[in-house]
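Working notes for the structure below.
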Amino acid sequence: MIKGVLLGFACYAAYAISDAFVKSLHGTLPAYEAVFFGAVLMLSALPFIRKPGDRWIEVFKARKPVLWWTRAVSGAISNISAVMAFTALPMAEAFALIFLLPIFVTLLSVLFLKEHVGWRRWSAVVAGFVGVLVVLRPGFRALSGGHLAAMVCGLSGAVSVVALRMAGAHEKRLSLYGAGVIGPLLVGGLLMLSDFVWPSFHQWLLLAGYGLLAGLAGVLLMLATQHAPANRVAPTQYSQMLWAIGFGYWLFGDHLDWPMLIGIALILGSGLFTLVREGQVTSWWRRTRLV
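So, in structure tokens, the structure goes:
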């Protein structure tokens with residue numbers, strides 16, 4: 503159990519450092535081009551994800567193709583919007599809005615899975631959206647496309663999670679990981695054709711850090727869920743906020759005021775409560791292969 507949780511922390515540390523690499527591009531490359539090259543490098547994790555007996559065709563092929571494509575497309579939208587959000591916003595602010603994902607999952611689960619949600623999780627949903635209003639403060643501060651991109655990232659990520667729930671335990675890890683890589687690779691590759699920019703040597707280094715660390719994080723997450731239940735590993739993702747605040751301050755000169763910190767705390771608290779509560783009252787954590 504402890505080993506799995508520690509691997510979860512290592513996984514999300516790798517994800518956070520990966521995000522810092524892509525933010526260091528400062529928008530000098532189109533978001534979809536960064537996502538394309540990141541996905542190409544994430545393919546390097548496939549030999550570690552693949553188990554004996556798995557066929558390489560299963561990277562592209564799933565038992566439920568509609569859900570595979572749903573995860574592929576939502577993964578592409580999530581990755582592209584995440585890069586846009588990190589480019590435009592302080593890392594902690596971008597993460598706070600992206601961490602609306604568990605709240606969106608709750609809403610989508612009610613709509614599409616007919617899942618019963620009690621008053622505790624509904625209270626967490628309300629608290630999360632109050633936190634969004636505190637962070638954004640519409641009418642009191644200028645909002646940008648980065649804020650919209652961060653929320654789109656959270657929503658598209660929630661669609662991917664709901665598709666994962668619907669797939670259940672029947673899909674292989676190779677197929678699940680493949681959807682999360684092939685989708686961004688195809689969509690990013692198509693979008694970058696019209697205005698492709700050849701990266702400089704420095705940009706190649708940043709792209710390498712972005713893609714390879716994201717691939718490493720995928721492998722660490724797989725290992726984590728082999729040693730601990732998924733509902734124990736998932737909350738470790740909130741450690742990314744500590745990395746975001748540290749990187750934002752030391753590397754990018756980000757500064758957060760008190761209202762924003764309060765809003766971030768509300769969003770994180772509601773999301774973390776939602777994850778913990780779901781682990782107690784729903785069975786999907788025990789029957790889903792988390793990647």
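The numbering of the sequence shown is my numbering, which starts it at 503 and goes up by one. Backbone N, C-alpha and C fix where the C-beta goes; we use that ideal spot for every residue, glycine too. Keep in mind that this is a model prediction, so the values were computed, not measured.
**Message:** Tell me the rounded alpha-carbon separation between Val-585 and Ile-600.
**Reply:** 11 angstroms
**Item:** Under 8 angstroms between C-beta atoms of Ala-652 and Ala-516
**Value:** no
**Request:** Within its chain, find whatever has a CB closer than 6 angstroms to the CB of Ser-520; leave out the 5 residues flanking it on each side and keep chain order.
**Result:** Tyr-712, Leu-715 and Ala-716
**the ligand ZN heavy atom lying under 7 angstroms from the CB of Phe-775** = As far as ligands go, the structure on display features none, and thus does not contain the ligand ZN.
**Prompt:** Out of curiosity, what's the CA-to-CA distance linking Trp-570 and Glu-560?
**Reply:** 11 angstroms
**Message:** Just to confirm the assignment, what range does the alpha helix (DSSP H) spanning Leu-514 have?
**Reply:** As written in the sequence, residue 514 is Tyr, which differs from the Leu given in the question. First-last of the alpha helix (DSSP H) with Tyr-514: 504-525.
**Prompt:** Once you ignore the five residues that flank Ala-518 on each side, which residues in its own chain have a CB closer than 6 angstroms to its CB?
**Reply:** Gln-742 and Trp-745
**Asked** Given that a residue counts as buried once 16 or more other Cβ atoms are within 10 Å of its Cβ, and exposed if not, what is Leu-753?
**Response** exposed
**Prompt:** Helix or strand or just coil, what does DSSP make of Arg-643?
**Reply:** strand
**Prompt:** Nearest to Leu-531 by alpha carbon, out of Pro-731, Met-762, Gly-690 and Val-778?
**Reply:** Gly-690
**Asked** Quick one: what's got a C-beta closer than 7 angstroms to Gly-577's C-beta in the same chain, skipping five residues either side?
**Response** Ser-662, Ala-681, Gly-682, Gly-685 and Pro-686
**Request:** Count the other C-beta atoms from every protein chain shown that fall within 10 angstroms of the C-beta of Arg-573, then say buried if there are 16 or more, exposed otherwise.
**Result:** buried
**Asked** Which two residues bound the contiguous alpha helix (DSSP H) that contains Glu-595?
**Response** 593-600
**Prompt:** Is the CB-CB distance between Gly-765 and Gly-633 below 8 angstroms?
**Reply:** yes
**Asked** Going straight from the alpha carbon of His-649 to that of Arg-565, what length do you get?
**Response** 36 angstroms
**Request:** Could you name each continuous alpha helix (DSSP H) segment of 4 residues or more that falls completely within the region 697-740, going from the start of the chain to the end?
**Result:** 703-729 and 732-735
**Item:** Cα-Cα separation, Pro-640 to Gln-705
**Value:** 35 angstroms
**Prompt:** Looking only at its own chain, which residues have a Cβ that is under 7 angstroms from the Cβ of Ser-546, when we skip the five neighbours before and after it?
**Reply:** Leu-714 and Gly-717
**Request:** Could you have a look at Pro-554 and say whether DSSP puts it in helix, strand or coil?
**Result:** coil
**Request:** Return the CA-CA distance between Leu-603 and Gly-506, expressed in angstroms with no decimal places.
**Result:** 22 angstroms
**Message:** Let me confirm a value: Ser-677 is counted as buried when at least 16 other C-beta atoms fall within 10 Å, else exposed. Which label applies?
**Reply:** buried
**Request:** Give the straight-line distance between the Cα atoms of Arg-557 and His-528, rounded to the nearest whole angstrom.
**Result:** 39 angstroms
**Asked** Can you name, in chain order, every residue of its own chain whose Cβ lies under 7 angstroms from the Cβ of Leu-725, other than the five neighbours on each side?
**Response** Leu-509
**Euclidean distance between Cα positions of Ser-658 and Gly-620** = 24 angstroms
**Message:** Taking 8 angstroms as the threshold (C-beta atoms), are Phe-588 and Val-524 in contact?
**Reply:** yes
**Start-to-end residues for the alpha helix (DSSP H) that takes in Val-607** = 603-614
**Request:** Output the boundary residues of the alpha helix (DSSP H) element that contains Ile-559.
**Result:** No alpha helix (DSSP H) contains Ile-559, which DSSP labels as neither H nor E.
**Asked** Taking Cβ positions, are Ala-590 and Ser-646 nearer each other than 8 angstroms?
**Response** yes
**Request:** Indicate the three-state DSSP secondary structure (helix, strand or coil) for Arg-623 in the structure shown.
**Result:** helix
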